[in-house]
Structures are given as structure tokens and as C-alpha cells.
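All letters in the sequence shown, in the order written, are residues -25 to -1, 1 to 61 by mature numbering (1 follows the signal peptide of the UniProt record, and there is no 0). All C-beta atoms, glycine included, are put in the ideal place defined by N, C-alpha and C.
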Amino acid sequence: MKFNACHIFSLLSFLLVTLVPLLSAALTTFGKTPNASGSSRPCNTDGDCYAIKYSSCARDPSTGRRLCLCADSKIPIGNSCDQIPT
């Protein structure tokens, strides 16, 4: 099968149209910060934090409010703490 200029142009156009969106999809997260919840469940007692594994009711150092926080005084991500208290 002999390729002429029209076939080559069509093939290159097809590859360009199909591959460029795939290559640029990886760049969509460049420069974005990860989504953090930024808030935690307010509480009065440790029992209020039962649903969040390894958390307890503590005063948030930055706001002074009582929130369900992890042992390292950070906000739980995805209803779980990274650091297990010892």
C-alpha cells in the first residue's frame, strides 16, 4: 500500500487529535493545592469524636475552638488520623 501526502496528513491529524488531550490531562493538577477539608467537627467531649478514628476533643491552637483533632493537633483527613496515639 502506497501512502501519499493526503494519507500521511490524515494520519498525523488523527494522532494529533487523539494524543494531545491525553498528554495535556496530566498537566491539569500543576500548581493546584491538594483539597483539604479545612474544618473539623466541633465537640464538647471525647464522645463527640467517636466517629473519627484516633481523634479526641481538644482545643484548636489556631482558633481556640474545641474540635475533634488528632494526637498531633491536626485536623483529621477523611475521618481518620494519620498518627495513631501511643
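Own chain residues within Cβ distance below 7 Å of residue i, not counting five before or after
| i | result |
| --- | --- |
| S48 | A33 and P36 |
| T20 | C32 |
Separation of residue j from residue i, as counted between CA atoms
| i | j | result |
| --- | --- | --- |
| L(-11) | G53 | 40 Å |
| Y25 | C18 | 10 Å |
| T38 | Y29 | 21 Å |
| D23 | D57 | 19 Å |
| S(-13) | R40 | 59 Å |
| K(-24) | S(-16) | 14 Å |
| N(-22) | V(-9) | 20 Å |
Buried/exposed call for residue i, threshold 16 Cβ in 10 Å
| i | result |
| --- | --- |
| I59 | exposed |
| I(-18) | exposed |
| C(-20) | exposed |
Beta-carbon contacts of residue i that lie in its chain and below 6 Å, excluding the five residues immediately before and after
| i | result |
| --- | --- |
| S15 | L42, C43 and I50 |
| S12 | Only weak support exists for where S12 lies, its pLDDT of 48 falling under 50; the value from the coordinates is given anyway. So the list is empty, once near-sequence residues are dropped. |
8 Å Cβ shell around residue i - same chain, five flanking residues per side excluded
| i | result |
| --- | --- |
| S55 | I27, K28 and Y29 |
Within-9 Å CB hit, residue i to chain D
| i | result |
| --- | --- |
| G22 | Among the chains in the structure shown there is no chain D, since it carries only a single protein chain. |
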